[in-house]
Amino acid sequence: MERGGKVSAGKLLKSIFLDLLFPEYCVACGSFLILDHRYIACNECWESYFREFKDKKCLICGYPLRLKPGLETVCRECLESGRTFYFDGVNYFGVYSELIELSIKALKFEKRLPVGWEIGRTIENHLRSYIREIDAEIVVPVPLHPEELKERGFNQCEEILKGAGISFFSLVEKVYNTEKQSSLPANRRRENIKGIFRVTGNVKSKRVLIFDDVFTTGSTANEIARELKGKGASKVFVYTVARSI
Ligand SMILES: [Zn+2]
Ligand SMILES: [Zn+2]
Numbered sequence: 075m076e077r078g079g080k081v082s083a084g085k086l087l088k089s090i091f092l093d094l095l096f097p098e099y100c101v102a103c104g105s106f107l108i109l110d111h112r113y114i115a116c117n118e119c120w121e122s123y124f125r126e127f128k129d130k131k132c133l134i135c136g137y138p139l140r141l142k143p144g145l146e147t148v149c150r151e152c153l154e155s156g157r158t159f160y161f162d163g164v165n166y167f168g169v170y171s172e173l174i175e176l177s178i179k180a181l182k183f184e185k186r187l188p189v190g191w192e193i194g195r196t197i198e199n200h201l202r203s204y205i206r207e208i209d210a211e212i213v214v215p216v217p218l219h220p221e222e223l224k225e226r227g228f229n230q231c232e233e234i235l236k237g238a239g240i241s242f243f244s245l246v247e248k249v250y251n252t253e254k255q256s257s258l259p260a261n262r263r264r265e266n267i268k269g270i271f272r273v274t275g276n277v278k279s280k281r282v283l284i285f286d287d288v289f290t291t292g293s294t295a296n297e298i299a300r301e302l303k304g305k306g307a308s309k310v311f312v313y314t315v316a317r318s319i
């Protein structure tokens, strides 16, 4: 059920009834979920495992610095590979914990939209302060290919942004449907997606923020950033719910 705000007696009874009729248990601690909870987890577990990552991040790839120490602001992997991205900065809410992973999967594969909105509410403040910090003018969710969209019925990034109450512009299209990125080794991901996105709106001289659910190798965000820069965007940043580690 919704948190906060006034709940009518009828609504309250209905949600008690639904909780009893379709019992669900917290994916983290196994406790019975009744009334005030976050759809797949109890409040306590959600708050302790869906946590903001507050430590230092690599300036280039966002990886938690203490896990791959290199220089003061750049991780060892970026340093050794000398890799660069088309985007100018990357940020995320948390590192990929089990609960974050399960909540994103519940949204994407079990099509549980309220879980997506809850994710949005959880990251809202953090995302808003990043938007202010980088002075982003446009937020662009990573698009799905029309076939993927038809199959899923919604774009998970858009649903999370709706939950966060942040307006966005879907001005990037996915023109080709590719082999799933997650099934490819890191070194093949960049070539696999080259040229699959197209910018459909005016981004000239604009500061754009790309929004995605998970940052893994950064190749999707990098390819979209390449297109946006090609269309004249002045700066491109990336924000994801989670960073895989
Ligand atoms: Zn729990
Ligand atoms: Zn790095």
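According to the numbering used here, the residues represented by the sequence shown are 75 to 319, in order.
We put the beta carbon where it would ideally sit given N, CA and C, even for glycine.
Test item: CB-CB of residue i and residue j under 7 Å
{"i": "Phe289", "j": "Thr314", "result": "yes"}
{"i": "Gly275", "j": "Leu245", "result": "yes"}
{"i": "Ile210", "j": "Arg262", "result": "Reading off the sequence shown, one finds Ala at residue 210, where the question assumed Ile. Not in contact: Ala210 and Arg262 (Cβ atoms no closer than 7 Å)."}
{"i": "Leu187", "j": "Glu233", "result": "yes"}
{"i": "Cys231", "j": "Phe285", "result": "yes"}
{"i": "Phe106", "j": "Tyr99", "result": "yes"}
{"i": "Val277", "j": "Phe242", "result": "no"}
{"i": "Phe167", "j": "Ile197", "result": "yes"}
{"i": "Val310", "j": "Val164", "result": "no"}
{"i": "Ile270", "j": "Lys248", "result": "yes"}
{"i": "Val189", "j": "Leu201", "result": "no"}
{"i": "Trp191", "j": "Gly156", "result": "no"}
{"i": "Val148", "j": "Arg317", "result": "no"}
For residue j and residue i, the rounded distance between their alpha carbons
{"i": "Phe161", "j": "Arg272", "result": "16 Å"}
{"i": "Gly136", "j": "Cys152", "result": "10 Å"}
{"i": "Ala102", "j": "Ser279", "result": "45 Å"}
{"i": "Leu141", "j": "Ala307", "result": "33 Å"}
{"i": "Leu235", "j": "Glu146", "result": "32 Å"}
{"i": "Ile240", "j": "Asp93", "result": "30 Å"}
{"i": "Ser203", "j": "Arg195", "result": "14 Å"}
{"i": "Asn266", "j": "Asp287", "result": "20 Å"}
{"i": "Trp120", "j": "Leu173", "result": "8 Å"}
{"i": "Lys224", "j": "Ile298", "result": "21 Å"}
{"i": "Phe124", "j": "Glu175", "result": "10 Å"}
Check: residue i C-beta below 6 Å from any heavy atom of ligand 1
{"i": "Ser177", "result": "no"}
{"i": "Ser122", "result": "no"}
{"i": "Ser171", "result": "no"}
{"i": "Cys231", "result": "no"}
{"i": "Cys152", "result": "no"}
Residue i (DSSP reduced to helix, strand or coil)
{"i": "Pro138", "result": "strand"}
{"i": "Ile212", "result": "strand"}
{"i": "Phe228", "result": "coil"}
{"i": "Val189", "result": "helix"}
{"i": "Glu247", "result": "strand"}
{"i": "Phe91", "result": "helix"}
{"i": "Thr314", "result": "strand"}
{"i": "Tyr204", "result": "helix"}
Integer Cβ distance of residue i from residue j, believed to fall under 8 Å
{"i": "Pro143", "j": "Phe127", "result": "Not really, about 16 Å apart at Cβ, beyond 8 Å."}
{"i": "Ser177", "j": "Ile114", "result": "6 Å"}
{"i": "Val215", "j": "Asn229", "result": "Residue 215 is actually Pro in this sequence, not Val. So it is a contact: roughly 6 Å between Cβ atoms."}
Distance cut-off 6 Å: residue i Cβ against heavy atoms of ligand 2
{"i": "Ile134", "result": "yes"}
{"i": "Tyr137", "result": "yes"}
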